[in-house]
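Chemist: My structure is below; once you've seen it, I'll send some questions.
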Amino acid sequence: MVPDPHAVQPPDPAAFRRLRHPRPAPPRRRPGPRRRPARPDLDRAQPRRPQARRPARRQHHLRGVPAVSRGTLIVTGGGRGIGAAICRRAAQAGYAVAVNYAADIHAARAVVDEIAGAGGRALAIPGDIADEGAVAALFAAAEVLGPLAGLVNNAGITGGFSAVADLDAGMAARVLAVNVLGTMIACREAVRRLAHSRGGPGGAIVNISSRAAETGGAHEWVHYAASKGAVNSFTIGLAREVADDGIRVNAVAPGLIDSDLHAAAGDPGRPARMAPLIPMKRAGTGEEVAEAVLWLLSPAASYVTGAILNVGGGR
């Protein structure tokens, strides 16, 4: 009898079992490292060849600056030494920098050109910090860079080396005028522009002090040390006065720094001679001071005000 192809065929019990209990698929093998064939003659322990060290990446003096601006930062005495290092580091952090200088226009322009060459914005502005009118003009000129965000009072002089018994009153008055009065006037102008109560956005001020304020500067420059002690007191008082007005005020106190300050005082070899007295056995650099300044200006230090940050290698 020929089977009808259209007739319904009875189910196959084996097929049902395969559907209800499917055979598990074999696990997929992950590709692993290919094993080389055994080579007894080569499998003995071989001395490990030292890998060549990559040459250190060359550090450029000023790297490119970010596209987003953090506002305008005024740096007094920004043409040379620590001030120039602060200006360069501030530009790297995104600030438009007003580079104030007293006399050396070529040094200030060199800093401005370096910042501009890296894609930043900077402007050299002359002005004697001890002159109240010049300070007001500095802040007015800096407005072309945009709203003020901060101030670094770096301008200062030592007055040279002198024992107190040989102190010249005119020289001491000049040191106090630049280091103390100039700092006060510049802070006054900054507070007027930054304070919330005056419609300002808030901001940060960093005053450059010195470890001499605590060590005293005996037999070298007690007059200079006294001026920096005044800066410390002023920093603490102003910080408390404007703390609820959106302004933080701190100071950085450098120790022995390899800068032109010593040559200006008449002793260019002082950093090398004094280095053995430092616990770290070396003088610091302007760039190391600049890093401390930029940290105090940054949001990372948002709860820090009225502080004196020592940057002195342990001394």
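Under UniProt numbering, residue 315 is the last one in the sequence shown; the count climbs by one each step, no gaps.
For every residue, glycine included, the Cβ atom is placed at its ideal position computed from N, Cα and C.
Residue range of the alpha helix (DSSP H) that R88 falls in?
Modeler: Reading the sequence shown from its first residue, position 88 is the one you call residue 88. First-last of the alpha helix (DSSP H) with R88: G81 to Q92.
Chemist: Considering only heavy atoms of the ligand GTP, does any lie closer than 8 Å to the CB of I125?
Modeler: The ligand GTP is not part of the structure shown, which contains no ligands of any sort.
Chemist: Could you check where the beta strand (DSSP E) with A155 kicks off and where it finishes?
Modeler: Counting from one through the sequence shown, the residue named residue 155 turns up at place 155. Neither: A155 is in no beta strand (DSSP E) and is coded neither H nor E.
Chemist: Which one of R248, V304 and D244 has the shortest CA to CA distance from C187?
Modeler: As a position in the sequence shown, residue 187 is number 187, starting the count at 1. Taking only the C-alpha atoms, the option nearest C187 is R248.
Chemist: Under 9 Å between the Cβ atoms of P254 and V178?
Modeler: Here the question's residue 254 lines up with position 254 in the sequence shown. Here the question's residue 178 lines up with position 178 in the sequence shown. Going by C-beta atoms, P254 is not nearer than 9 Å to V178.
Chemist: When DSSP labels each residue in this structure, what does S209 get in the three-state scheme?
Modeler: Here residue 209 refers to the residue found at position 209 of the sequence shown. Of the three classes helix, strand and coil, the one that applies to S209 here is coil, per DSSP.
Chemist: Shortest alpha-carbon distance to V75 belongs to which of L151, A169, G314 and V112?
Modeler: The residue labelled residue 75 in the question sits at position 75 within the sequence shown. Of the listed residues, the one whose Cα sits closest to V75 is L151.
Chemist: Is S227 buried or exposed, if buried means 16 or more other CB atoms sit within 10 Å of its CB?
Modeler: Indexing the sequence shown from 1 puts residue 227 at position 227. The residue is buried, with at least 16 neighbouring Cβ atoms inside 10 Å.
Chemist: Could you have a look at G133 and say whether DSSP puts it in helix, strand or coil?
Modeler: Reading the sequence shown from its first residue, position 133 is the one you call residue 133. If DSSP states are grouped into helix, strand and coil, G133 belongs with the helices.
Chemist: With 16 other CB atoms within 10 Å as the buried threshold, where does residue 337 fall?
Modeler: Since the first and last residues shown for the chain are 1 and 315, residue 337 lies out of range.
Chemist: When the distance is taken between beta carbons, is D104 closer than 9 Å to G79?
Modeler: What you label residue 79 is simply residue 79 of the sequence shown in a count that begins at 1. What you label residue 104 is simply residue 104 of the sequence shown in a count that begins at 1. The answer is yes: Cβ separation under 9 Å.
Chemist: Here's a check: name, in chain order, each residue in its chain whose Cβ is nearer than 8 Å to the Cβ of H6, leaving out the five neighbours to either side.
Modeler: For the purposes of this step, residue 6 is taken as residue 6 along the sequence shown, with counting starting at 1. Note on H6: pLDDT 49, under 50, position unreliable in the model; the coordinate value appears next. Cβ within range, chain order: n/a, list empty.
Chemist: Any idea what DSSP makes of R192, helix, strand or coil?
Modeler: Position 192 of the sequence shown, counted from the first residue, corresponds to residue 192. In this structure, R192 counts as helix in the three-state DSSP scheme.
Chemist: G237 to G306, Cα distance in whole Å?
Modeler: For the purposes of this step, residue 237 is taken as residue 237 along the sequence shown, with counting starting at 1. For the purposes of this step, residue 306 is taken as residue 306 along the sequence shown, with counting starting at 1. Straight-line Cα distance between these residues: approximately 8 Å.
Chemist: Are the Cβ atoms of S210 and A225 separated by less than 9 Å?
Modeler: Counting from 1 along the sequence shown, the entry for residue 210 is found at position 210. Counting from 1 along the sequence shown, the entry for residue 225 is found at position 225. Yes.
Chemist: What do you get for E189, buried or exposed, if any count of 16 or more other CB atoms within 10 angstroms of its CB means buried?
Modeler: Stepping through the sequence shown from its first residue, residue 189 is reached at position 189. Per the 10 Å Cβ criterion, buried.
Chemist: So, with DSSP's three-state summary, where would you put Y95?
Modeler: Taking the sequence shown and counting its residues from 1, one reaches residue 95 at position 95. Correct three-state label for Y95: coil.
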